[in-house]
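The structure under discussion appears below in the form of structure tokens.
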Amino acid sequence: MSKKSKGKRVGEGLLKLLPFVLFFCALILFSLFLFNTVLEETAYFSLFVGERVYADSEEQAGDFVPGAATDTLPQIAYGTQFAQLNVEGWDIKNIAVYLGNDKSILKKAAGMSFASGFPGQGQRVIISSHVTREFAELEDTPIGAVVTIETLYGPYEYRVVDKRSFSGTERSLLTPSTLYGEQLILYTCYPRDNGGHRRTERCALICEKISGLELVG
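Residues in the sequence shown are numbered consecutively from 87, following the working numbering.
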């Protein structure tokens, strides 16, 4: 057999394998999509990966050290932990709060919307986390519960005054605002126990500020 004929047969063989390679790559991409957009959103995700419903509070808190009370906001970079959060009655304690709420941040702990205000700025503070992890107890929180946020620049306390469920496409409650003064909005997917279906609703705690220094500027 000539080299030319042999090379031609090898090329034909590779072409025959190409559909299988493409199918395998497509299968991998689909599996990643399914994991990120479906399984991770279900109530039973913890069973698939051996993850606990409640995150390890010591693990999430890490080396974070709350700062003394000051009326000056320090420089805080996107993706940096700037606070830890506690809700009266919750089993999980010292939930880490990062600046930003993209997928990479919410896989670590809670995230504050980059467009919202910081505690002490007199506007809406918007924080979210997964219902399968840090915010698993959010929908069970009673009106009147106290929420404490210890930041790099001092502590803040809020009281839950309302609890609402709403469509995941409804953004009015999650839009930055100064209309009602300083509000803390904690929200997550809803309901927690959804029979394995994708969650299309959200549940939010609306809290009013009861203590903490106002920031200057």
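Beta carbons: idealized from backbone N, C-alpha and C, even for Gly.
* Residue ranges of each alpha helix (DSSP H) run of no fewer than 4 residues wholly in the segment 168-208, ordered along the chain? -> 189-192
* To do: Pull up the CB-CB distance for LEU291 and GLN207, whole angstroms please, since I reckon it's below 8 Å.
  => The count along the sequence shown starts at 1 and reaches residue 291 at position 205. The count along the sequence shown starts at 1 and reaches residue 207 at position 121. The Cβ separation is near 19 Å, so there is no contact.
* Asked: What first and last residue would you give for the beta strand (DSSP E) that runs through GLU294?
  -> Here residue 294 is taken as the residue at index 208 of the sequence shown, counted from 1. 287-297 is the span of the beta strand (DSSP E), which, as asked, contains GLU294.
* Please classify GLU225: does DSSP put it in a helix, a strand, or coil? => Indexing the sequence shown from 1 puts residue 225 at position 139. Reduced to three states, the DSSP call for GLU225 is helix.
* Note down the Cα distance separating ASN187 from ARG288, rounded to an integer number of angstroms. => The count along the sequence shown starts at 1 and reaches residue 187 at position 101. The count along the sequence shown starts at 1 and reaches residue 288 at position 202. The straight-line gap from Cα to Cα measures roughly 15 Å.
* Reduced DSSP secondary structure (H/G/I, E/B, other) of SER215 -> Along the sequence shown, read from residue 1 onward, the residue named residue 215 stands at position 129. Three-state DSSP puts SER215 in coil, outside helix and strand.
* To do: Give me the Cα-Cα distance between GLY254 and THR286, rounded to the nearest whole angstrom.
  => Counting from 1 along the sequence shown, the entry for residue 254 is found at position 168. Counting from 1 along the sequence shown, the entry for residue 286 is found at position 200. Cα to Cα, the separation comes out at about 5 Å.
* Could you tell me the boundaries of the beta strand (DSSP E) in which GLU243 lies? => Position 157 of the sequence shown holds residue 243. Where GLU243 is concerned, the enclosing beta strand (DSSP E) stretches over 240-253.
* Asked: When burial is assigned at 16 or more other CB atoms within 10 Å of the CB, is VAL247 buried or exposed?
  -> Taking the first residue of the sequence shown as position 1, residue 247 is located at position 161. The Cβ neighbour count for VAL247, taken over all protein chains shown within 10 Å, is under 16; the residue is labelled exposed.
* **Beta-carbon proximity of ILE296 to GLU236, cut-off 7 Å** => Residue 296 sits at position 210 when you count from the first residue of the sequence shown. Residue 236 sits at position 150 when you count from the first residue of the sequence shown. Not in contact: ILE296 and GLU236 (Cβ atoms no closer than 7 Å).
* **Cβ neighbour criterion (16 or more within 10 Å) applied to ARG219** => By one-based count along the sequence shown, residue 219 stands at place 133. ARG219 comes out buried.
* Simplified DSSP state of LYS159, which is helix, strand or coil -> Working through the sequence shown from its first residue, we reach residue 159 at position 73. One point to set straight first is that residue 159 is Leu, not Lys, in the sequence displayed. Coil.
* To do: Classify GLY136 as helix, strand or coil using the three-state DSSP reduction.
  => Along the sequence shown, read from residue 1 onward, the residue named residue 136 stands at position 50. Because the pLDDT at GLY136 is just 34, under 50, the model does not fix this residue reliably, and the point stays unresolved.
* **Span separating the alpha-carbon of PHE200 from that of ALA222** => In the sequence shown, counting from the first residue as 1, residue 200 sits at position 114. In the sequence shown, counting from the first residue as 1, residue 222 sits at position 136. A straight line joining the alpha-carbon of PHE200 with that of ALA222 spans about 23 Å.
* Asked: Going along the chain, which residues of its own chain have a beta-carbon closer than 8 Å to the beta-carbon of SER143, five neighbours each way excluded?
  -> For the purposes of this step, residue 143 is identified with residue 57 of the sequence shown, where counting begins at 1. Only weak support is given to the placement of SER143: the predicted model assigns it a pLDDT of 46, under 50, and the value that follows is read from those uncertain coordinates. Closer than 8 Å at Cβ, skipping near neighbours: ILE178, LYS179, ASN180 and ILE181.
* Asked: Where does HIS283 land, buried or exposed, given buried means 16+ other C-beta within 10 angstroms?
  -> Taking the first residue of the sequence shown as position 1, residue 283 is located at position 197. In this structure HIS283 is exposed. Its beta-carbon is surrounded by fewer than 16 other beta-carbon atoms within 10 angstroms.
* Asked: Would you say GLY240 and ALA155 are within 7 Å of each other, going by their C-beta atoms?
  -> Counted from its first residue, the sequence shown places residue 240 at position 154. Counted from its first residue, the sequence shown places residue 155 at position 69. Yes, these two residues count as a Cβ contact at 7 Å.
* Asked: Quick one: Cα of CYS293 to Cα of VAL233, how far?
  -> Residue numbering aside, residue 293 sits at position 207 when the sequence shown is read from its first letter. Residue numbering aside, residue 233 sits at position 147 when the sequence shown is read from its first letter. Taking the straight line from one Cα to the other gives about 8 Å.
* LEU185 beta carbon less than 7 Å from that of ILE162 -> On the sequence shown, position 76 is the one that residue 162 refers to. On the sequence shown, position 99 is the one that residue 185 refers to. Closer than 7 Å, so yes.
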